[in-house]
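So the structure is just underneath, and the comments pick up after that.
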Amino acid sequence: MDKDRIVGSAKQIKGTVKQVVGKAVGDAKLEAEGNADKIEGQVQNAIGGVKTRSKENRPALRAYFSR
4 MDKDRIVGSA
14 KQIKGTVKQV
24 VGKAVGDAKL
34 EAEGNADKIE
44 GQVQNAIGGV
54 KTRSKENRPA
64 LRAYFSR
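Count the sequence shown with my numbering and you get residues 4 to 70, in order.
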């Protein structure tokens, strides 16, 4: 598992918590920050997934392009 996936997942959880707390206490700013953190975590998680897949497919790509 890539470091970006771990950090991204942590940001998603942090964002969800902020969002829920912001909604519960009626703090629109905290809720918006939570939503932003959540989206940032999703993006970072996706980047980590791309890195992982590119590492896994590297030998196949080398073989394909070395023909």
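Idealized CB from N, CA, C, for every residue including glycine.
Closest option to L33, judged by alpha-carbon separation, among G52, T55 and T19: T19.
The continuous alpha helix (DSSP H) containing G25 extends over residues K6 to V28. Within a 10 Å sphere around the beta-carbon of K41 sit 16 or more other beta-carbons, which makes this residue buried.
Separation of F68 and Q22 (C-alpha to C-alpha, rounded to the nearest whole angstrom) is 47 Å.
The DSSP-derived three-state label of R70 is coil.
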